[in-house]
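>
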Amino acid sequence: MHNLKKLKILTVKNNINDSFKATIASDEALSLVKEYSEVALDSILKGGVLKDIPLVGTVVGLFKIGNSLKEQHTIKKILVFINQSAEIPKEDREAFLNKLSDNDEYKESIAEKVLLLIERLDETKKAEIIGNLFRLMVMGIIGKDYFLRLSGIVERALLYDLLALHYRYSYFGKDWDGDQPYNINSANESALAAFGLMKLKLGTEPSKMARASGLMNSGLTDPTLGYEVSSLGQELANLMMYDLEDKDFQDHIAELKPHQETNGQPLF
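1478 is the number of the first residue of the sequence shown in our numbering; add one for each residue after it.
1. Among the candidates E1712, L1577 and S1708, whose CA atom is the shortest distance from the CA of V1445?
2. Assess, as a yes-or-no matter, whether the stretch 1592–1599 is touched by the stretch 1559–1576 under the definition of 3 or more beta carbon pairs within less than 8 angstroms.
3. If you measure between the beta carbons of Y1623 and V1706, is that distance less than 7 angstroms?
4. Compute the Euclidean distance between the alpha carbons of H1765 and R1612, then round it to the nearest angstrom.
5. Going by other Cβ atoms of all chains shown within 10 Å of its Cβ, with 16 needed for buried, is S1508 buried or exposed?
6. Using a threshold of 7 angstroms, state whether the C-beta atoms of Y1648 and P1658 are closer than that.
7. Going along the chain, which residues of its own chain have a beta-carbon closer than 6 angstroms to the beta-carbon of L1640, five neighbours each way excluded?
8. Within 10 angstroms of its Cβ, does L1669 collect 16 or more other Cβ (buried), or is it exposed?
9. Inspect the beta-carbon positions of F1497 and A1588 and report whether they are closer than 7 angstroms.
10. Unbroken alpha helix (DSSP H) runs of length 4 or more, entirely within the stretch 1566–1620: which are they?
11. So if DSSP puts E1705 in a beta bridge, which residue, or which two residues, is it bridged to?
12. What whole-angstrom Cβ distance do L1713 and L1625 have, given they're in contact under 8 angstroms?
13. State the Cα-Cα distance for the pair N1715 and D1579, rounded to the nearest angstrom.
14. Measuring only the C-alpha atoms, how far is T1601 from E1505?
Spelled out as structure tokens, the structure:
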């Protein structure tokens, strides 16, 4: 009985790993996801289109995904994640698939971890962000461990806080007009600091006593305590949402890639 249970678990893992690789490898599957990304999910489920997307078809079959709101949300998150892979250059996808086949560390963990991570996400937008990070991992810009670290933060953090971090600190993609769409304040900063994305900053301000006495030029100061973005927060702000066609972003990842490789593996 114990051996039968182990065999079933191994079969599920193999099915997930195989369908994960097949989806990343298939131009047709990626194009199909892109084509149906704006179509109502219930119509896709009824039409049987999902069986042509290996990873989604496997998940639907193995876990008997139906029409409940939670189950449809899971499928939508997977589709949004896969959609970000459509822009990965074919040569990068092929190199990644070779790594999945040859490297036990990747083969045994990445597909399952990504799928479990996506299942736990509370927001579809987070699946897009993790898809963006996954794309950079496949392209060799960031390493597997760094991808999983950033993705774990994305899973646990409040989406509003993540978007506030991006719009306040990202070097790229600031194309909104007028006010910043997501405000960052002390509450956001404190929450982001819990994930290592912000850090405490000591400063000074003119002494309250000096100001009350009209001695603004006395040189007396009071200490202040605030937050500033950490190096981890800065990188997540840059990488969570981007345009691969943006020349400035291309220059940024070109600078990251050469010095992040040690013995053929990305350093991050």
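In this text, a Cβ means the ideal position worked out from N, Cα and C, and glycines have one as well.
Walking through what the data contain:
1. The requested residue 1445 does not occur in the structure, where the chain is confined to residues 1478 to 1745.
2. Output reads no: the stretch 1592–1599 does not touch the stretch 1559–1576.
3. In this structure, V1706 does not lie closer than 7 angstroms to Y1623 by Cβ.
4. Here the chain comprises residues numbered 1478 to 1745, so residue 1765 is not present and cannot be evaluated.
5. Exposed, by the Cβ-count rule.
6. Result no, Cβ atoms of Y1648 and P1658 do not sit closer than 7 angstroms.
7. So the qualifying residues of the chain are Y1659.
8. With 16 or more other Cβ atoms within 10 Å, it is buried.
9. Yes.
10. Contiguous alpha helix (DSSP H) elements confined to the stretch 1566–1620 occur at 1567–1579, 1581–1584, 1587–1597 and 1601–1615, taking only those with 4 or more residues.
11. Partner(s): K1676.
12. Between L1713 and L1625 a beta carbon distance of about 13 angstroms is seen, past the 8 angstroms cut, so the two are scored as non-contacting.
13. Roughly 31 angstroms separates the two Cα atoms.
14. T1601 and E1505 have their C-alpha atoms some 23 angstroms from each other.
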